[in-house]
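Mapping of the sequence shown onto this note's numbering: residues 192 to 448, in sequence order. The structure appears right after this line, and notes come after that.
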Amino acid sequence: MSNASIENQLTSTLLEQTFSISEANDIETYKKLVSGYVSIDQCVAVLSDFQADCSYIYAGNFGNVFGLPEENSVIDSAFEECIFSKIHPEDVIERHILELNYFQFLKTVPYEDSQKYSTFSRIRTQNISEHCSYINHRTIYLKTLSNGSVWLALCLYAPSIDVQPRLGIDGKIVNIQTGEIIAAEKYKQFEKALLSKRELQTLSLVAKGSSSLQIANELNISVYTVRRHRQNIIEKMKVANTTEAVKTALVMGLIAI
């Protein structure tokens with residue numbers, strides 16, 4: 192399954208924010224902090240600048256897993272595709288969904304508390320047929336501006352000692368000050384808010400193979416309204432067609448068959 196639609200949602204959510212140039216002016220401080228951390232931990236760290244749409248990659252010894260150069264590098268994207276391409280596609284999708292939930296969840300906490308939370312997950316490398324490596328992954332929003340826009344994000348990749356095979360990335364949002372794991376019910380609601388109740392009903396029926404006429408009869412609405420709902424779904428989910436919307440919605444848990 193392609194992760195393009197989920198990636199499009201994440202990209203537009205983070206890059207289309209409103210930024211304040213006066214507040215986004217101390218990136219060198221963060222670059223030094225991240226570089227120092229990697230020199231000790233030898234993990235891989237990606238510092239993403241959503242305003243400039245670029246990333247600074249710091250690769251410790253663990254960078255060999257991704258084929259990264261030993262020296263620090265800069266890429267012209269806030270999203271590290273050079274790393275995502277080495278991760279199992281299903282795990283990339285779940286990782287992106289977790290970050291979307293993380294972004295929306297932080298909107299509900301006080302501005303000064305935003306740095307107290309981080310995502311935690313365990314992801315697989317791409318080549319699972321011969322050898323499956325497990326990676327601990329974290330996302331931390333290092334700098335949130337006063338208007339709520341996220342300017343800088345830090346993604347960390349390190350080897351996992353948990354090598355037991357199981358489905359999913361076991362993604363969590365954690366209060367790193369208290370250790371509290373945030374209940375999924377507190378942030379899963381944001382996924383449901385993506386589409387209206389009627390749009391979810393329409394998409395569920397599309398997933399079951401119903402035509403626009405059948406959906407209109409089932410929901411007691413006009414075919415024109417059904418078509419409008421389908422178009423709204425495509426636009427909101429940033430997908431090419433309703434087939435892709437169905438696949439994405441199933442992965443996100445918006446609908447079930």
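Glycine is no exception: its CB is placed at the ideal position from the N, C-alpha and C atoms.
When secondary structure is reduced to three states using DSSP, F275 falls in the helix class. Within the DSSP bridge table, the entry for I266 names S246 as partners. Around the beta carbon of V430, a 10 Å sphere encloses 16 or more other beta carbons of the protein chains shown; the residue is thus reported as buried. In the structure shown, F253 falls within a helical segment according to DSSP collapsed to helix, strand and coil. Taking Y249 as the centre and dropping the five residues before and after it, the same chain places the C-beta of V225, S226, V229, A236, N263 closer than 6 Å to its C-beta, in chain order. At a Cβ-Cβ threshold of 8 Å, V300 and Q208 do not count as neighbours.
For R315, DSSP records a beta bridge to Y325. If one requires a minimum length of 4 residues, the alpha helix (DSSP H) runs lying completely within the segment 338-401 are 380-383, 388-398, in chain order. Under the DSSP definition of a beta bridge, Y308 partners with N366.
Going by beta carbons, Y325 and R313 fall inside the 8 Å limit.
In the DSSP assignment, S239 is bridged to S246, A344.
Inclusion of T433 and V397 in the CB contact set at 8 Å is warranted, their separation being smaller than that value. In the three-state DSSP reduction, L445 falls in the coil class, being neither helix nor strand. Non-local C-beta neighbours of V354 in its own chain, meaning closer than 6 Å and more than five positions away in sequence, comprise Y325, ordered along the chain. When DSSP states are grouped into helix, strand and coil, L336 belongs to the coil group. Put simply, of I212, A349, F275 the residue whose alpha carbon is nearest the alpha carbon of I231 is A349. For Q200, the number of other beta carbons within 10 angstroms of its own is at least 16, and it is reported as buried. By the neighbour-count criterion, in which a residue is buried when 16 or more other Cβ atoms sit within 10 angstroms of its Cβ, N411 is exposed. Around the beta carbon of G362, 16 or more other beta carbons sit within 10 angstroms, so the residue counts as buried.
By the criterion of a C-beta distance shorter than 8 Å, F296 is surrounded in its chain by Y308, I364, I373, K377, Y378, F381, once the five residues flanking it on both sides are discounted.
In the three-state reduction of the DSSP assignment, T209 falls in the coil class.
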